[in-house]
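Asker: Below is the structure I would like to discuss, written out as structure tokens.
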Amino acid sequence: MAWLAVAVVVLPGAALALALGRRLDAACAVVASVTVGMVAMIVWFALADLVGIRWSATSLLVPAVVAIVVLSIRRAAIVPITREGGGWLAAALALAVAHAWILSRIPAFGWDFRYIWGLKARVFAAAGGHAWGWLAWPPNTFAHPTYPPLWPDLLAIGPMLGASAGQTAAAWNAVLVVALAAACWTASAGAPPPLRFAAAIVGALAPVIFTRTVQHSGYAEPLLAVLAAAALAWLAALGEGKGPVAPLAVVTVALALAKNEGLALAVAVAVAALLSVRGHSKFAVPGAVALTAGWWLASLAAHRVSDQHLNLDPIRAVGRVAAMPGAVASSASAEVIVLGIAWVAALFALRGPALRGVRTALTLFAVAVIAAYATSTDGLAWQLGVTLSRVLAAPLPGVVALAIGASWRRGPTEQEPA
Amino acid sequence: MVLARRLAAVVAAALAIALGVHGVATQTSARREPTVAQILRPLAGAPIPGGTVVQLLPPSGPSDPNRGTWLMEAAWQRRDLRWQLAEPGERCVPTTSFCVVVGEASEASGWRVAARLVNVTILRRVE
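Protein sequences appear in the order of chains A and B. Take the first sequence: its letter number 165 is residue 147 in the numbering used here, and every next letter is one higher. Take the second sequence: its letter number 59 is residue 125 in the numbering used here, and every next letter is one higher.
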């Protein structure tokens, strides 16, 4: 039943992507199926909440029905999936599938899964909606009720169909690791196939976020990693004047609802798109993010759901920012050090005018992350110790893949003299 | 410069892959459950109607930094209830109809024992 919970999202997503897409290679098709399916389901959940329809096993079929209708209307517009990538892509996806098989075998059991993501999923499934009363109950602030809801919403589908939230998280992790490999392949466009294979392997074996320990199992970072890689890849493509804005708008809707870091990155990508896209379509991504974030924040305000994990005292925040380098140095594990070096190396490779938007987005994202640490009520050293590796690891596969693509792809201003 | 960028990209990829392989190779395959889960599991069958506000009196003192874990686990076991930790002072106060005491508890003023389960006692306020 856990796989069925994933299928009711991904299959309608695949149908919608085929019907509405312009040109898809196999890697793009995988990423589009997952992201479009997630957006279709969360839009349906939001509408059901608004009009008072209870989420149920039957109502989960609504996105599938919509997909069938769209597919039948646009049957003539369906484009075949191209065979770009060939054996290298197939080999990378095969390795990702092997990792997926390992991930799918053990239900999620991490602390934050049990007391945040999985708990909310079970509550939402039982309530048949976002359970605003439960979220607004003050003692439940431990479950971070204001966190964007995409991950618990996806996990809630499992219990609605008879699977546990832990089994559903394991099945989703299996799909997400394959999607991340595909997103990294897409992000490395321009590099020779063996290097794109390496980029996809970075996704298939993404460090930290898929680790099955109580500090990681069932957390939302794999979801964030896939959406971040897809968003940055499409933002880079827009910087080169390739492709329409619509796919990026769709991805940022999902990204804005995947953790607070996802919301921060979605806003950063929206600002970058606003600065780098020309014409009226420049407003598509900021509009999508504003609508999505606006819906979630307005829903929280309407139901008096608040979080007590922020302290906005500016003097205290400045003090925490000043203390951050020392706290990072004292709490950094070997894992964080390696991640940090990988980030520095990848950022060094992210040059060129086409990637100005990506660099803008990553800079704004870094500012948002520092602001989050500065205003948190948790102890700085403790918080950095338990979160910094995840914060660094989630966007890293997409950034590394972009770095590979960017350093082999040559723009007109970067040609070496003959 | 082009060569340096390519080298940097390859180094970044190699480090990420190495860390990923290390993670796959060293992660545990054993599923672990917190100790509080084993203690509070009987709550799943506790005779308390859904939607009820329930006080939880953990065995640890009010200064215990892990006190919140008891609340979180109670919410996991019975997500249909509105849990709150008992006020510091280590006794059930008459603000709710039910109070769950972790461990043995005897009837106190204003409360009667509604059920004794393994590890937990359910107290119901006397109307």
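Built from N, CA and C at the ideal position, the CB exists for glycine as well. Because the structure is a prediction, the values reported are computed rather than measured.
#1: Taking 6 Å as the cut-off, is the CB of residue 219 of chain A close to at least one heavy atom of the ligand HEM?
#2: If you measure from the beta carbon of residue 183 of chain A to each beta carbon in chain B, is any gap under 7 Å?
#3: Return yes when the Cβ of residue 220 of chain A is within less than 7 Å of the Cβ of residue 160 of chain A, no when it is not.
#4: First and last residue of the beta strand (DSSP E) that includes residue 191 of chain B?
#5: For residue 252 of chain A, tell me which candidate among A:79, A:346 and A:205 has the shortest Cα-Cα distance.
#6: Return helix, strand or coil for residue 325 of chain A, following the three-state DSSP convention.
#7: According to DSSP, is residue 199 of chain B part of a helix, a strand, or is it coil?
#8: Could you list the residues in the stretch 319 to 331 of chain A with a C-beta less than 9 Å from some C-beta on chain B, going in chain order?
#9: Within the same chain, show all residues whose beta-carbon is closer than 8 Å to that of residue 359 of chain A, passing over the 5 residues directly before and after it, in chain order.
#10: Leaving aside the five residues before and after residue 203 of chain A along the sequence, list all residues of the same chain whose C-beta is less than 8 Å from its C-beta, in chain order.
#11: Give the residues from the stretch 77 to 93 of chain B that approach chain A closer than 9 Å (Cβ to any Cβ), ordered along the chain.
#12: Using a C-beta to C-beta distance shorter than 8 Å, which residues of chain B count as neighbours of residue 389 of chain A?
#13: Check whether the Cβ atoms of residue 13 of chain A and residue 250 of chain A lie closer than 7 Å to each other.
#14: By a C-beta neighbour count over all protein chains shown, 10 Å radius and 16 as the cutoff for buried, is residue 335 of chain A buried or exposed?
#15: Is DSSP giving residue 133 of chain A helix, strand or coil here?
#16: For residue 401 of chain A, which residues from the same chain have a beta carbon less than 7 Å from its beta carbon, with the 5 sequence-adjacent residues on both sides left out?
#17: List the residues of chain A that residue 98 of chain B touches, going by C-beta distances under 7 Å, in chain order.
#18: Could you confirm whether any beta carbon from chain A is found closer than 7 Å to the beta carbon of residue 111 of chain B?
#19: Taking C-alpha atoms, which residue in A:205, A:343, A:78 and A:181 lies nearest to residue 136 of chain A?
#20: So the candidates are A:218, A:274, A:308 and A:255; which of them puts its Cα closest to the Cα of residue 245 of chain A?
#21: Looking at residue 9 of chain A: is its Cβ nearer than 7 Å to the Cβ of residue 53 of chain A?
#22: Using DSSP's beta-bridge definition, name the partner residues of residue 165 of chain B.
#23: Could you tell me the distance, in whole angstroms, from the CA atom of residue 118 of chain B to the CA atom of residue 55 of chain A?
#24: Of the residues A:306, A:97, A:130 and A:-12, which one's Cα is nearest the Cα of residue 282 of chain A?
#25: For the candidate residues B:174, B:112, B:177 and B:92, whose alpha-carbon lies nearest to that of residue 183 of chain B?
#26: What are the boundary residues of the alpha helix (DSSP H) that residue 254 of chain A is part of?
#27: For chain A, find out if any of its Cβ atoms is closer than 7 Å to the Cβ of residue 177 of chain B; answer yes or no.
#28: So with CB distances below 9 Å, who are the chain B contacts of residue 201 of chain A?
#29: To which residues of the same chain is residue 395 of chain A closer than 7 Å at the C-beta, ignoring the five residues directly before and after it?
#30: On the premise that residue 157 of chain A lies in contact with residue 349 of chain A, defined as a C-beta separation below 8 Å, what is that separation, rounded to the nearest angstrom?
#31: At 4 residues or longer, what runs of the alpha helix (DSSP H) sit wholly inside the stretch 202 to 241 of chain A?
#32: Between the stretch 97 to 117 of chain A and the stretch 224 to 232 of chain A, do three or more beta carbon pairs fall short of 8 Å?
#33: Rounded to whole angstroms, what is the Cα-Cα separation between residue 38 of chain A and residue 179 of chain B?
#34: Output the distance between the C-alpha atoms of residue 128 of chain A and residue 87 of chain B, rounded to the nearest integer angstrom.
#35: What residue ranges within the stretch 265 to 317 of chain A form continuous alpha helix (DSSP H) runs of no fewer than 4 residues, ordered along the chain?
#36: Mind reading off the beta-carbon distance from residue 90 of chain A to residue 199 of chain A? Whole number of angstroms is fine, and I expect it under 8 Å.
Answerer: Judging by the given coordinates:
#1: As presented, the structure is devoid of all ligands, the ligand HEM included, so that no description of it is given.
#2: The count along the first sequence starts at 1 and reaches residue 183 of chain A at position 201. Residue 183 of chain A counts as touching chain B.
#3: Taking the first sequence and counting its residues from 1, one reaches residue 160 of chain A at position 178. Taking the first sequence and counting its residues from 1, one reaches residue 220 of chain A at position 238. Contact: no.
#4: The sequence position of residue 191 of chain B within the second sequence is 125, counting from 1. 186 to 191 is the span of the beta strand (DSSP E), which, as asked, contains residue 191 of chain B.
#5: Residue mapping note: residue 252 of chain A aligns to position 270 of the first sequence, counting from 1. Comparing Cα-Cα distances from residue 252 of chain A to each of A:79, A:346 and A:205, the minimum goes to A:346.
#6: Locating residue 325 of chain A in the first sequence gives position 343, where the first residue counts as 1. It is helical.
#7: No answer is possible for residue 199 of chain B: it lies beyond the span of chain B, which begins at 67 and ends at 193.
#8: 320, 321, 323, 324, 325, 326, 327, 328, 329, 330 and 331
#9: The residue labelled residue 359 of chain A in the question sits at position 377 within the first sequence. The residues are 290, 291, 292 and 293.
#10: Numbered from its first residue, the first sequence carries residue 203 of chain A at position 221. Same-chain partners within the cutoff: 190, 191, 241, 372, 375 and 376.
#11: 77, 78, 79, 80, 81, 82, 83, 84, 85, 86, 87, 88, 89, 90, 92 and 93
#12: As a first step, residue 389 of chain A must be located in the first sequence, where it is residue number 407. Here the neighbours are 68, 71, 72, 74 and 75.
#13: The residue given as residue 13 of chain A occupies position 31 in the first sequence. The residue given as residue 250 of chain A occupies position 268 in the first sequence. Cβ distance not < 7 Å, so residue 13 of chain A and residue 250 of chain A don't count as in contact.
#14: Walking along the first sequence from the start, residue 335 of chain A turns up at place 353. With fewer than 16 Cβ atoms within 10 Å of its Cβ, residue 335 of chain A is classed as exposed.
#15: Reading the first sequence from its first residue, position 151 is the one you call residue 133 of chain A. Of the three classes helix, strand and coil, the one that applies to residue 133 of chain A here is helix, per DSSP.
#16: Outside the displayed range of chain A (-17 to 400) lies residue 401 of chain A, so it cannot be described from this structure.
#17: Translated into positions along the second sequence, residue 98 of chain B becomes position 32. Chain A residues near residue 98 of chain B: 91 and 196.
#18: Translated into the one-based positions of the second sequence, residue 111 of chain B becomes position 45. So, not an interface residue.
#19: Position 154 of the first sequence, counting from 1, holds the residue named residue 136 of chain A. Out of A:205, A:343, A:78 and A:181, A:205 has the C-alpha closest to the C-alpha of residue 136 of chain A.
#20: Looking up residue 245 of chain A in the first sequence gives position 263. That would be A:274, whose Cα lies nearest to the Cα of residue 245 of chain A.
#21: In the first sequence, residue 9 of chain A corresponds to position 27, counting from 1. In the first sequence, residue 53 of chain A corresponds to position 71, counting from 1. Not a contact, by the Cβ cut-off of 7 Å.
#22: Taking the first residue of the second sequence as 1, we reach residue 165 of chain B at position 99. Its beta-bridge partners are B:121 and B:189.
#23: For the purposes of this step, residue 118 of chain B is identified with residue 52 of the second sequence, where counting begins at 1. For the purposes of this step, residue 55 of chain A is identified with residue 73 of the first sequence, where counting begins at 1. Approximately 50 Å between the Cα atoms of the pair.
#24: Taking the first sequence and counting its residues from 1, the one referred to as residue 282 of chain A is at position 300. The candidate whose alpha carbon is nearest that of residue 282 of chain A is A:130.
#25: Taking the second sequence and counting its residues from 1, one reaches residue 183 of chain B at position 117. Comparing Cα-Cα distances from residue 183 of chain B to each of B:174, B:112, B:177 and B:92, the minimum goes to B:112.
#26: By 1-based counting over the first sequence, the position of residue 254 of chain A is 272. It spans 241 to 258 - the alpha helix (DSSP H) in which residue 254 of chain A sits, taken as one unbroken run.
#27: Residue mapping note: residue 177 of chain B aligns to position 111 of the second sequence, counting from 1. Closer than 7 Å: no.
#28: Position 219 of the first sequence, counting from 1, holds the residue named residue 201 of chain A. Result: empty, since nearest Cβ-Cβ is about 13 Å, beyond 9 Å.
#29: As a position in the first sequence, residue 395 of chain A is number 413, starting the count at 1. Because the pLDDT of residue 395 of chain A is 47, which lies under 50, any placement of that residue in the model is unreliable, and the number read from its coordinates should be weighed accordingly. Hits under 7 Å: 335.
#30: What you label residue 349 of chain A is simply residue 367 of the first sequence in a count that begins at 1. What you label residue 157 of chain A is simply residue 175 of the first sequence in a count that begins at 1. Their Cβ separation, rounded to whole angstroms, is 32 Å, which puts residue 349 of chain A and residue 157 of chain A out of contact at 8 Å.
#31: 203 to 221 and 228 to 238
#32: no
#33: Here residue 38 of chain A is taken as the residue at index 56 of the first sequence, counted from 1. Here residue 179 of chain B is taken as the residue at index 113 of the second sequence, counted from 1. Approximately 37 Å, taken between the alpha carbons.
#34: Residue mapping note: residue 128 of chain A aligns to position 146 of the first sequence, counting from 1. Residue mapping note: residue 87 of chain B aligns to position 21 of the second sequence, counting from 1. Approximately 34 Å between the Cα atoms of the pair.
#35: 266 to 284 and 296 to 313
#36: Along the first sequence, one-based indexing puts residue 90 of chain A at 108. Along the first sequence, one-based indexing puts residue 199 of chain A at 217. Confirmed, Cβ separation roughly 5 Å.
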